[in-house]
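Numbering (the numbering used here), first residue to last: -3 to 353.
Glycine residues also receive a C-beta, built at the ideal position from the N, C-alpha and C atoms.
Written below as structure tokens is the structure these notes are about.
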């Protein structure tokens, strides 16, 4: 399978300081591309400065510019001169918001702002959009593996604001590209990752970080019987690279996932590697979750997925993108080592550090 040939094109990555985006920046720099990343503000030096160290031996120095999902006028300057755009930035609430528009509006507006600027610049050949399996999933579980042709049901009362935002932002992107005049056309490819785990780069955390951390800090004294579909952040970054360079990726969605694990199995995997830590080993009875769901909206959204794992077809990832997914065990273990080494989880007296690379 051939790749589009071009000498060191300029590539934009939005939300460069984020968990997934920082890995995308890293893999692009390693491949010799010129990379421009967007950050919301240079004021937070701790969130920004580490990005310059992602690939010390890179051929080109990372360029950073300010841009905001809610400010359309910040995007033309960000995309100028770029041949490829990776739109990764999107709101990711840690709790269900009181007003779902707080998540949906910036997700859709930001996506369209990036696409409009890309169309007008005249140099962008392809945009790779980070969507999610949340734009594909049926929250009630499924009998047959879900595929790229599937979409979430926006009328599902159990759908979270985040799932709606990913669905609506991706739909808006496809509609926008379809309606572009010929003189502004560019290609669109979409990456739909599942629950993303794997090593953290210099403080760029995400939802999975909060979930894993809550297990080992015992914020969850017992584990809900939830199933989580796992994918590695390094596979997601590689998928972005291949969706940018493989001709066959254009005009398509790509589910990125390995397999689903129950929360208790995640705890067991990590306990086996990190024996000096003591995560919960008991699962909350389903009837307790049912009662809590009456009073807790976030729990109510997840109740429907109890005992019914969400299963996805990852054949396109394997055959078209030629990605052999990293096993969840390695993803989780590498992630927890990075959390300990980064100071997010305290070291125990018996902690010996990560094994040699």
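Can you tell me which of the options puts its alpha carbon nearest to the alpha carbon of residue i?
i           : options            : result
residue 79  : 345, 98, 123, 223  : 123
residue 341 : 22, 317, 238, 199  : 199
residue 133 : 50, 213, 155, 5    : 155
residue 167 : 180, 182, 186, 157 : 186
residue 356 : 83, 43, 253        : With the chain covering -3 to 353 only, the question about residue 356 has no answer from this structure.
residue 25  : 212, 49, 251       : 49
residue 85  : 205, 125, 254      : 125
residue 222 : 207, 164, 230, 231 : 207
residue 308 : 43, 89, 140, 31    : 140
residue 42  : 201, 151, 257      : 201
residue 150 : 29, 33, 163, 96    : 163
residue 326 : 89, 262, 57, 211   : 262
residue 250 : 35, 316, 179       : 316
residue 115 : 174, 159, 38       : 174
residue 142 : 311, 347, 95, 345  : 311
residue 119 : 59, 16, 182, 89    : 182
residue 106 : 90, 144, 36, 121   : 36
residue 243 : 121, 159, 96, 95   : 121
residue 96  : 230, 256, 257, 159 : 159
residue 219 : 347, 230, 257      : 257
residue 81  : 33, 51, 231        : 33
residue 16  : 343, 345, 195      : 195
Less than 8 Å between the CB atoms is what I'm expecting for residue i and residue j, so what's the real figure, rounded?
i           : j           : result
residue 247 : residue 184 : 7 Å
residue 19  : residue 245 : Rounded, the Cβ-Cβ distance is 18 Å, inconsistent with contact.
residue 147 : residue 131 : 7 Å
residue 313 : residue 321 : 7 Å
residue 21  : residue 237 : Residue 21 to residue 237, Cβ: 11 Å. No contact.
residue 235 : residue 252 : 5 Å
residue 7   : residue 31  : 5 Å
residue 203 : residue 90  : 7 Å
Within the same chain, show all residues whose beta-carbon is closer than 6 Å to that of residue i, passing over the 5 residues directly before and after it, in chain order.
i           : result
residue 109 : 68, 71
residue 350 : 333
residue 291 : Model confidence at residue 291 stands at a pLDDT of 46, short of 50, so the residue's coordinates are unreliable; what they give is reported in the following sentence. So no residue of the chain qualifies.
residue 161 : 99, 100, 103
residue 197 : 18
residue 283 : With a pLDDT of only 43 at residue 283, under 50, the local geometry of the prediction cannot be trusted, and no value is derived from it.
residue 306 : 133, 225
residue 46  : 198
residue 269 : 329
Looking only at its own chain, which residues have a Cβ that is under 8 Å from the Cβ of residue i, when we skip the five neighbours before and after it?
i           : result
residue 117 : 72, 75, 76, 77, 78
residue 153 : none
residue 28  : 4, 54, 55, 56
residue 352 : none
residue 337 : 349, 350
residue 38  : 44, 60, 62
residue 266 : 208, 211, 212, 273, 275, 328, 329, 332
residue 397 : Because the chain spans -3 through 353 in this model, residue 397 falls outside it and cannot be assessed.
residue 255 : 225, 226, 324
residue 345 : 272
Could you pull out every residue in the same chain whose Cβ sits closer than 7 Å to the Cβ of residue i, ignoring the five residues on either side in sequence?
i           : result
residue 172 : 108, 111
residue 264 : none
residue 87  : 99, 102, 103, 161
residue 128 : 162, 188, 189
residue 217 : 276
residue 231 : 252, 319, 321, 322
residue 347 : 272, 336
Give a single yes or no on whether residue i has its beta carbon closer than 8 Å to a heavy atom of the ligand SAM.
i           : result
residue 246 : As presented, the structure is devoid of all ligands, the ligand SAM included, so that no description of it is given.
Which residue spans inside the stretch 13 to 69 form an unbroken alpha helix (DSSP H) run of at least 4? Qualifying alpha helix (DSSP H) stretches, in chain order: 15 to 26, 41 to 44.
If you pair each beta-carbon of the stretch 266 to 276 with each one of the stretch 328 to 336, do three or more pairs fall below 8 Å? The stretch 266 to 276 vs the stretch 328 to 336: in contact.
Cβ contact check for the stretch 5 to 17 and the stretch 46 to 64: 3 or more pairs under 8 Å: Short answer: they touch.
Cβ contact (3+ pairs, closer than 8 Å) linking the stretch 185 to 195 and the stretch 221 to 230: As far as the Cβ criterion goes, the stretch 185 to 195 touches the stretch 221 to 230, which means the pair count is three or higher.
Going along the chain, which unbroken runs of the beta strand (DSSP E) with 3 or more residues stay wholly within the stretch 100 to 167? Listed in chain order, they are 122 to 126.
Runs of 4 residues minimum, wholly inside the stretch 233 to 288: which ones carry the alpha helix (DSSP H) assignment? For secondary structure counted as the alpha helix (DSSP H) over 4 or more consecutive residues, the stretch 233 to 288 holds these complete runs in sequence order: 259 to 269.
Would you list, in sequence order, the uninterrupted beta strand (DSSP E) runs of no fewer than 3 residues that lie entirely inside the stretch 308 to 348? Taking only runs of at least 3 residues, no beta strand (DSSP E) segment lies wholly in the stretch 308 to 348.
Quick check on the DSSP output: what are the complete alpha helix (DSSP H) runs of length 4 or more inside the stretch 188 to 224, in order along the chain? Entirely contained in the stretch 188 to 224, the alpha helix (DSSP H) runs reaching 4 residues are, in chain order, 203 to 212.
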